[in-house]
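Structure, as C-alpha coordinates:
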Amino acid sequence: MTALTLGRLIETLDDPNAAAALIAALDDPVLAERLSSAASAAGQSEASQVAATVRGFLETASDDHWVQLIGIMSRAGDPGLAAIRAVLHKALPEAGSA
(Lines of atoms letter the chains of each structure in order from A; the text may use other names.)
(Lines give C-alpha, C1' and ligand atoms only; values in the text may rest on other atoms or scores of the structure.)
Protein backbone atom coordinates (compact mmCIF):
# COMPACT_ATOMS: atom_id res chain seq x y z
CA MET A 16 0.00 0.00 0.00
CA THR A 17 1.38 3.40 -1.00
CA ALA A 18 1.84 5.86 1.86
CA LEU A 19 -1.13 8.22 2.07
CA THR A 20 -1.93 11.15 4.30
CA LEU A 21 -4.35 10.54 7.14
CA GLY A 22 -7.02 12.57 5.36
CA ARG A 23 -6.67 10.54 2.18
CA LEU A 24 -6.76 7.27 4.13
CA ILE A 25 -9.97 8.36 5.84
CA GLU A 26 -11.49 9.21 2.44
CA THR A 27 -10.66 5.72 1.15
CA LEU A 28 -12.47 4.00 4.02
CA ASP A 29 -15.74 4.22 2.05
CA ASP A 30 -14.27 1.82 -0.52
CA PRO A 31 -14.43 -1.74 0.90
CA ASN A 32 -11.46 -2.83 -1.24
CA ALA A 33 -9.33 0.07 -0.02
CA ALA A 34 -10.37 -0.60 3.58
CA ALA A 35 -9.45 -4.29 3.16
CA ALA A 36 -6.04 -3.27 1.77
CA LEU A 37 -5.57 -0.95 4.74
CA ILE A 38 -6.40 -3.77 7.16
CA ALA A 39 -3.83 -5.99 5.44
CA ALA A 40 -1.22 -3.20 5.48
CA LEU A 41 -1.57 -2.88 9.26
CA ASP A 42 0.06 -6.33 9.50
CA ASP A 43 -0.98 -6.72 13.14
CA PRO A 44 -2.65 -10.06 13.95
CA VAL A 45 -3.79 -8.96 17.43
CA LEU A 46 -5.37 -5.81 16.04
CA ALA A 47 -6.95 -7.83 13.22
CA GLU A 48 -8.55 -10.15 15.79
CA ARG A 49 -9.88 -7.20 17.78
CA LEU A 50 -11.27 -5.70 14.58
CA SER A 51 -12.89 -8.99 13.58
CA SER A 52 -14.51 -9.36 17.01
CA ALA A 53 -15.83 -5.79 16.99
CA ALA A 54 -17.20 -6.18 13.46
CA SER A 55 -18.90 -9.46 14.36
CA ALA A 56 -20.43 -7.95 17.50
CA ALA A 57 -21.74 -4.99 15.46
CA GLY A 58 -23.01 -7.21 12.64
CA GLN A 59 -20.96 -5.48 9.98
CA SER A 60 -17.98 -6.13 7.75
CA GLU A 61 -14.45 -5.47 8.96
CA ALA A 62 -14.13 -2.71 6.35
CA SER A 63 -17.26 -1.00 7.69
CA GLN A 64 -16.01 -1.44 11.24
CA VAL A 65 -12.69 0.23 10.41
CA ALA A 66 -14.50 3.19 8.88
CA ALA A 67 -16.91 3.54 11.80
CA THR A 68 -14.19 3.17 14.43
CA VAL A 69 -11.81 5.66 12.83
CA ARG A 70 -14.50 8.24 12.16
CA GLY A 71 -15.98 7.83 15.63
CA PHE A 72 -12.60 8.33 17.24
CA LEU A 73 -11.81 11.39 15.14
CA GLU A 74 -15.17 12.97 15.99
CA THR A 75 -14.76 12.47 19.73
CA ALA A 76 -11.00 12.57 20.33
CA SER A 77 -9.82 14.81 23.14
CA ASP A 78 -7.02 17.33 22.73
CA ASP A 79 -4.71 14.86 24.48
CA HIS A 80 -5.60 12.15 21.98
CA TRP A 81 -4.83 14.51 19.09
CA VAL A 82 -1.46 15.48 20.59
CA GLN A 83 -0.60 11.80 21.02
CA LEU A 84 -1.69 11.06 17.46
CA ILE A 85 0.43 13.89 16.06
CA GLY A 86 3.43 12.60 18.01
CA ILE A 87 2.93 9.08 16.65
CA MET A 88 2.60 10.39 13.12
CA SER A 89 5.71 12.58 13.38
CA ARG A 90 7.87 9.58 14.28
CA ALA A 91 6.46 7.18 11.68
CA GLY A 92 7.75 6.27 8.25
CA ASP A 93 4.12 6.08 7.08
CA PRO A 94 2.28 8.65 9.21
CA GLY A 95 -1.20 7.90 7.86
CA LEU A 96 -0.94 4.18 8.47
CA ALA A 97 0.60 4.78 11.90
CA ALA A 98 -2.31 7.06 12.78
CA ILE A 99 -4.92 4.50 11.70
CA ARG A 100 -3.12 1.79 13.67
CA ALA A 101 -2.98 4.00 16.78
CA VAL A 102 -6.65 4.96 16.47
CA LEU A 103 -7.73 1.34 16.14
CA HIS A 104 -5.56 0.27 19.10
CA LYS A 105 -7.14 3.02 21.20
CA ALA A 106 -10.75 2.71 20.03
CA LEU A 107 -11.38 -1.01 19.48
CA PRO A 108 -12.42 -3.12 22.47
CA GLU A 109 -9.70 -5.33 23.90
CA ALA A 110 -9.86 -8.98 22.84
CA GLY A 111 -12.59 -10.82 24.70
CA SER A 112 -14.46 -7.69 25.81
CA ALA A 113 -16.54 -7.02 22.67
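First residue of the sequence shown? That's 16 in the working numbering, and the numbers climb one at a time after it. Where a beta carbon is used, it is the ideal one built from N, C-alpha and C, also for glycine.
Within the segment 36-107, the complete alpha helix (DSSP H) segments at least 4 residues long are 44-57, 61-75, 78-89, 94-106, listed from N- to C-terminus.
For Ala110, the three-state secondary structure derived from DSSP is coil.
Annotated three-state conformation of Leu21 is helix, per DSSP. Distance from the Cα of Ala54 is smallest, within the candidate group Ala67, Ala91, Leu96, for Ala67. Each of Glu26, Ala47, Ala35 was checked against the Cα of Ala101, and the nearest Cα belongs to Ala47. Contact fails between the segment 103-110 and the segment 26-33, because fewer than three Cβ pairs, one in each stretch, are under 8 Å apart.
By the CB criterion at 8 Å, Leu50 and Ile99 fall outside the cutoff. Pairing Leu37 with Ser77, the inter-Cα distance amounts to about 25 Å. Contact between Val65 and Ala34 holds: CB atoms are separated by about 5 Å, below the 8 Å threshold.
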